[in-house]
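Worksheet: the structure to be examined is printed underneath.
Here it is as structure tokens:
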């Protein structure tokens, strides 16, 4: 059973930066084959895709965070990162990590990001 653990969330002032990490374990199949995606859900809003990276390192960034957020992965560490710069109050949400392979997907428990002065 694949387990995903997010970390790195917290309280940050507008304009600040955070780096989220998502560490995977229990991957019977090589972590490098998984498509990895960050989602977020703000209170009262639908869950939205933030950024994704495929097994071939193709990335997809939501328009709302393009130019401010970047996704990367370290397959040796079985970890995917979300670098968040120039944070805005509207980035406040619970951020979730998702792993997909062969039509099966797995979710982490989420990490809270709060952008406020």
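Residue numbers (my numbering): 19 to 135. The beta-carbon is built from N, C-alpha and C at its ideal position, and this holds for glycine as well.
Self-check item: Per DSSP, cross-strand counterpart(s) of residue 119
Solution: 122
Quiz item: Helix, strand or coil: how does DSSP classify residue 43 here?
Solution: Of the three classes helix, strand and coil, the one that applies to residue 43 here is strand, per DSSP.
Quiz item: Quick one: any contact between the region 34-42 and the region 58-73, if contact means 3 or more CB pairs under 8 Å?
Solution: no
Quiz item: Are there 16 or more other CB atoms within 10 angstroms of the CB of residue 22, so buried, or fewer, so exposed?
Solution: buried
Exercise. Measure from the alpha carbon of residue 106 to the alpha carbon of each residue in 54, 124 and 133, then state which is nearest.
Key: Nearest option by C-alpha distance: 133.
Quiz item: For residue 125 versus residue 114, is the C-beta spacing smaller than 7 Å?
Solution: The Cβ atoms of residue 125 and residue 114 lie closer than 7 Å to each other.
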